[in-house]
Amino acid sequence: MDGFSGVITTISKLTKMCVLRLTSDNLFFVLSEKVANGGVSMWCELSQANFFDEYQMEGVSTEDNEICLEVTPENLSRALKTVQNAKAVKLKLTKKHCPCLTIAAELPTLSSISRVVTHDVPVDVIPRRLWHEFKEPNMPDFDVSIYLPPLKTMKNVVDRMKNLSNFLVLEANLNGEMNLKIETDLVSVTTHFKDLGNPPWGEDASQDGGPSQSRDPQAMAQARVDIRKLQQFLMGQQVNPSKAMCNIVHERVVHLILLHEDMSLQYFIPAVA
Amino acid sequence: MQKRVTFVEQLEMENVLTKGRGHVSTRSMDPERGGLESLPRHLGRETHVDMSPSNQRMKTSHIPQTLMSVPFLQHPALATGRRRHLCSIANVYSTEHMRQQMKRHYLNVLHTYIQSSVYTSHLKAFGKAVHALSRVGDELWLDPKVKGLALRSVNSAHSAYACFLFSPLFFKNYNLRPATEHGAETVKCKLAMKCVLPLFRCLNSIERNVEQCQISVGSPDDQVMIQFFCRHGITKTHNLRFQESEALQAVFASHLCPNVLKAPARLFGDVVMHFPSSQEEVTLSMTPLRVGLKNYCDAVNDHMKTMYTEMSLHPDEFDYFHVGVDSNITFCLKELRGLLSFAESHCLPVSVYCGAAGKPVCFSVEDMVLEATVVLATLYDPESKDPSQSAAMTLTDATQRCAEAAVLPVGSCEANIGEPEDIPAVTEMIASSQGSPMNVPPALMLPLLHTAGVCVPEDHCSSANSSPASSTICSLLFRAVSLEQDNHDSTARPPVLAFYSDEEENMEEDTDSPSL
Numbered sequence: 043m044d045g046f047s048g049v050i051t052t053i054s055k056l057t058k059m060c061v062l063r064l065t066s067d068n069l070f071f072v073l074s075e076k077v078a079n080g081g082v083s084m085w086c087e088l089s090q091a092n093f094f095d096e097y098q099m100e101g102v103s104t105e106d107n108e109i110c111l112e113v114t115p116e117n118l119s120r121a122l123k124t125v126q127n128a129k130a131v132k133l134k135l136t137k138k139h140c141p142c143l144t145i146a147a148e149l150p151t152l153s154s155i156s157r158v159v160t161h162d163v164p165v166d167v168i169p170r171r172l173w174h175e176f177k178e179p180n181m182p183d184f185d186v187s188i189y190l191p192p193l194k195t196m197k198n199v200v201d202r203m204k205n206l207s208n209f210l211v212l213e214a215n216l217n218g219e220m221n222l223k224i225e226t227d228l229v230s231v232t233t234h235f236k237d238l239g240n241p242p243w244g245e246d247a248s249q250d251g252g253p254s255q256s257r258d259p260q261a262m263a264q265a266r267v268d269i270r271k272l273q274q275f276l277m278g279q280q281v282n283p284s285k286a287m288c289n290i291v292h293e294r295v296v297h298l299i300l301l302h303e304d305m306s307l308q309y310f311i312p313a314v315a
Numbered sequence: 008m009q010k011r012v013t014f015v016e017q018l019e020m021e022n023v024l025t026k027g028r029g030h031v032s033t034r035s036m037d038p039e040r041g042g043l044e045s046l047p048r049h050l051g052r053e054t055h056v057d058m059s060p061s062n063q064r065m066k067t068s069h070i071p072q073t074l075m076s077v078p079f080l081q082h083p084a085l086a087t088g089r090r091r092h093l094c095s096i097a098n099v100y101s102t103e104h105m106r107q108q109m110k111r112h113y114l115n116v117l118h119t120y121i122q123s124s125v126y127t128s129h130l131k132a133f134g135k136a137v138h139a140l141s142r143v144g145d146e147l148w149l150d151p152k153v154k155g156l157a158l159r160s161v162n163s164a165h166s167a168y169a170c171f172l173f174s175p176l177f178f179k180n181y182n183l184r185p186a187t188e189h190g191a192e193t194v195k196c197k198l199a200m201k202c203v204l205p206l207f208r209c210l211n212s213i214e215r216n217v218e219q220c221q222i223s224v225g226s227p228d229d230q231v232m233i234q235f236f237c238r239h240g241i242t243k244t245h246n247l248r249f250q251e252s253e254a255l256q257a258v259f260a261s262h263l264c265p266n267v268l269k270a271p272a273r274l275f276g277d278v279v280m281h282f283p284s285s286q287e288e289v290t291l292s293m294t295p296l297r298v299g300l301k302n303y304c305d306a307v308n309d310h311m312k313t314m315y316t317e318m319s320l321h322p323d324e325f326d327y328f329h330v331g332v333d334s335n336i337t338f339c340l341k342e343l344r345g346l347l348s349f350a351e352s353h354c355l356p357v358s359v360y361c362g363a364a365g366k367p368v369c370f371s372v373e374d375m376v377l378e379a380t381v382v383l384a385t386l387y388d389p390e391s392k393d394p395s396q397s398a399a400m401t402l403t404d405a406t407q408r409c410a411e412a413a414v415l416p417v418g419s420c421e422a423n424i425g426e427p428e429d430i431p432a433v434t435e436m437i438a439s440s441q442g443s444p445m446n447v448p449p450a451l452m453l454p455l456l457h458t459a460g461v462c463v464p465e466d467h468c469s470s471a472n473s474s475p476a477s478s479t480i481c482s483l484l485f486r487a488v489s490l491e492q493d494n495h496d497s498t499a500r501p502p503v504l505a506f507y508s509d510e511e512e513n514m515e516e517d518t519d520s521p522s523l
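Order-wise, the sequence lines are chains A and B. Just remember that the working numbering sits 42 ahead of the position in the first sequence, which is counted from 1. Just remember that the working numbering sits 7 ahead of the position in the second sequence, which is counted from 1.
What follows is the structure, encoded as structure tokens:
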């Protein structure tokens, strides 16, 4: 329960509203690329077996065995935080005055009878015709892939840089070097990270075999992003992930991947000119 | 005395050299060399205790034979010197030494306690009370009386009232000057909360630094002086100007409430935790079988976006549970949280007195030296078939008009003075705590003079009912200015001037010691 609560809290820090897709094996929190979100998109995947003792789900129909809901993760996160020390927690999709995700918890009390608390979080069901908008994003054809430095360090740096400028240039190369640069009229600041290591996508990632292998390891791929979006991403991370990677498509998009033991999170930040 | 560990083999060598003695002496000799603290003891068979005069000066301590005969000390490989070293360590733990340490420690603690005394924790409690009151309203009424110092606050919509009454025993010194020549003029002191709250904001630093606090109220200057006497001789003096205003008090007949619940503050804290702090209103429903709490969503808010929370409690969880009337009352949670956190920090049980919907609900906490009450208006449910609801009486706006309107019922009840009457619901229209006008009048509480039974004149009520509520904002509770002149009731207001002189928490009279 703590793990699930932690995931929801992280998601709630990233976005106000997102889509929850439930399949028989997994849960996905999806934020699709829309102007309203500033172009960022997010994909978070959890395996239900890691979090729930019991999981029953029935989709729209047998071929489309899925449920898609639009939910406000902050409400969910608040509700889950209050029932942290419950004996048992059940999440149900119910229909009260509107479709709701009901969290029913049994709390231990001093007397023999346990206290029952229910939180009803209103959700919106997404009709099937819109499901195509919330598909798993493709791995972009990146130019450079690099492991991220410790997120806390990165967050500190980005926090300070945010005071100076609105845009940050993130660049990295295949030699394990990454720079965060900001430039204003008065000052330009660069933070250099070295020896970060590059994930060995190698054989399977470079589909056409060409560019990645013949890329000069010193050449930097860069993307200029809105610093607030990067900061928002870094703020939400509470636990250190097992693996944190960043793929950069030169001047197009920054793709951040965090892998935890029981969930994976991908975050796309588009580059601005 | 200097302490140096010298092994006896070394000494033996020296002894052999200097004195040519054959056997090992167990005393470390030679005070000039700063030898071991010598230990007269019976070391056993092979050693020989030498009680030479020079040894008498050494501090000695006794190690009981039982300790000495433990197996590991008799080990043949254990050299005498090492054994002596072990014994010197044991010296540290000798009973006399321990006893002395304990005595010293006890005296230190006692001394510290006397210095700080329980009044520092009282100061912290006072600060917490100010915090709790700040969550209710923007103004603080200071009301020094014979029976204690009352701190009160009411919110702007007059739908919540809080009162903390500290008895004179709470203070180290609490002196009220008896009434002066000008007659029954009480000090009616109203301070802006934003002046008082910063003084008590950081309770931890107050606890660490402040040794005494002195509060003086003096009418010539219209000032309240709060002095903090801190460590290192620092004195912080705050002079706050107060406004004269009419007194603030609400009377709530808690003994007449049909439903009474009492539970430890922890229970309420746990319950209230489930509701987000932005949640304004909750509905408490009570039946003899269970108590339920859920958040209340009025039509203004977007149904679709708000989260609903509901929970229920079993009567067994309460220390005292008496439900006379099944009821559902809706009140604002925000103002209550201050009292609940105060109660939790003092581990005091909280009592809830309520009636049917529309009647106010009272939460109170009490201790031997203090008493805290929060009274909240509840939403009146027009659909409820509760027969105990009396007819609503509309009072319109500001205090002046309230006064006039309020005078009426009192006037007509003059004949009833002396008759104990069931306090009826003199319901008034009031704005909800969010400021949006409510369409239904919550029932309320009343003029202060409980000896004058307040009765609701029927004709007045019926005329009032016709006017719609939405435009009126009205005062919940209070006794209007004009009432003061009508009836002087000694219990309601003692005709004394409150001037306090005090040491820990003091009120000092300004006329004698003009501030500054």
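Even glycine gets a Cβ: it sits at the ideal position worked out from N, Cα and C.
C-alpha gap between residue i and residue j, whole angstroms
i, j, result
"B/Ala379", "B/Cys354", "13 Å"
"A/Ile155", "B/Asp277", "15 Å"
"A/Met287", "A/Val231", "23 Å"
"A/Phe46", "B/Leu247", "51 Å"
"A/Leu56", "A/Glu108", "24 Å"
"A/Glu303", "A/Met43", "15 Å"
"B/Asp362", "A/Asn208", "Reading off the sequence, residue 362 of chain B comes out as Gly, not Asp. Spanning the two alpha carbons is a distance of roughly 57 Å."
"B/Val298", "A/Lys197", "47 Å"
"A/Val61", "A/Ser256", "39 Å"
"A/Gln260", "A/Trp173", "42 Å"
"A/Glu219", "A/Leu190", "10 Å"
"A/His297", "A/Leu64", "24 Å"
"A/Leu133", "B/Ser285", "24 Å"
"A/Thr160", "A/Ala147", "6 Å"
"B/Ser520", "B/Met232", "Unreliable positioning characterises B/Ser520 in this predicted model, as indicated by a pLDDT of 32, which lies under 50. The coordinate reading is nonetheless provided below. For B/Ser520 and B/Met232, the distance between alpha carbons rounds to 12 Å."
"B/Glu465", "B/Leu176", "Residue confidence is low: B/Glu465 scores 34 on pLDDT, short of 50, so the model does not pin down where it sits. No coordinate-derived value is stated."
"A/Thr39", "A/Pro164", "This structure leaves residue 39 of chain A out entirely; chain A is present only between 43 and 315."
"A/Glu178", "A/Cys110", "13 Å"
"B/Phe259", "A/Glu116", "40 Å"
Proximal residues of chain B, C-beta to C-beta of residue i below 7 Å
i, result
"A/Ala121", "Met314"
"A/Asp44", "None at all; the shortest Cβ gap to chain B is about 17 Å."
Beta-carbon spacing of residue i, residue j below 9 Å
i, j, result
"A/Leu222", "A/Leu212", "yes"
"A/His292", "A/Ala265", "yes"
"B/Gln256", "B/Asp333", "no"
"B/Asn216", "B/Cys237", "yes"
"B/His321", "A/Thr151", "yes"
"B/Gln250", "B/Asp228", "no"
"A/Thr52", "A/Gln274", "no"
Top-ranked residue by Cα proximity to residue i, from the options
i, options, result
"B/Pro344", "B/Val279, B/Pro367, B/Leu296", "The residue asked about is misnamed: residue 344 of chain B is Arg in this sequence, not Pro. For B/Arg344, the nearest C-alpha among the options comes from B/Val279."
"B/Ala164", "B/Cys339, B/Lys366, B/Leu346", "B/Cys339"
"A/Val82", "A/Glu108, A/Phe70, A/Arg270, A/Thr144", "A/Arg270"
"B/Ala136", "B/Thr294, B/Lys366, B/Ser223, B/Ala350", "B/Ala350"
"A/Leu214", "A/Leu135, A/Asp237, A/Val49, A/Phe94", "For clarity, residue 214 of chain A is Ala in the given sequence; the question names Leu instead. Nearest option by C-alpha distance: A/Asp237."
"A/Ala263", "A/Gln273, A/Tyr309, A/Arg294", "A/Arg294"
"B/Thr290", "B/Leu300, B/His281, B/Ser284", "B/Leu300"
"A/Arg278", "A/His297, A/Tyr309, A/Val296", "The sequence shown places Gly at residue 278 of chain A, rather than the Arg named in the question. If we check each option's Cα against that of A/Gly278, A/Tyr309 comes out closest."
Chain-ordered neighbours of residue i on chain B, where CB pairs are closer than 8 Å
i, result
"A/Asn240", "Correct list: empty, because the minimum Cβ distance to chain B is about 44 Å."
"A/Leu152", "Glu324"
Contacts that residue i makes with chain A (C-beta to C-beta distance below 7 Å)
i, result
"B/Pro283", "Arg120"
"B/Leu320", "Arg157"
"B/Glu317", "Thr160"
The beta strand (DSSP E) enclosing residue i, as first and last residue numbers
i, result
"A/Met196", "Counting along the chain, A/Met196 falls outside any beta strand (DSSP E), though it belongs to the alpha helix (DSSP H) covering 193–204."
"A/Phe316", "Residue 316 of chain A lies beyond the stretch modelled for chain A, which goes from 43 to 315, so this question has no answer here."
"A/Ala146", "141–149"
"B/Lys269", "266–271"
Closer than 9 Å at the beta carbon, the chain B residues around residue i
i, result
"A/Asp201", "By Cβ distance, chain B contributes nothing, its closest Cβ being about 26 Å from A/Asp201, past 9 Å."
"A/Asp106", "Here the premise fails: no neighbours, minimum Cβ distance about 25 Å."
Per-residue contacts from residue i into chain A (C-beta, under 8 Å)
i, result
"B/Asp326", "Correct list: empty, because the minimum Cβ distance to chain A is about 11 Å."
Unbroken alpha helix (DSSP H) run spanning residue i, endpoints
i, result
"A/Asp44", "44–56"
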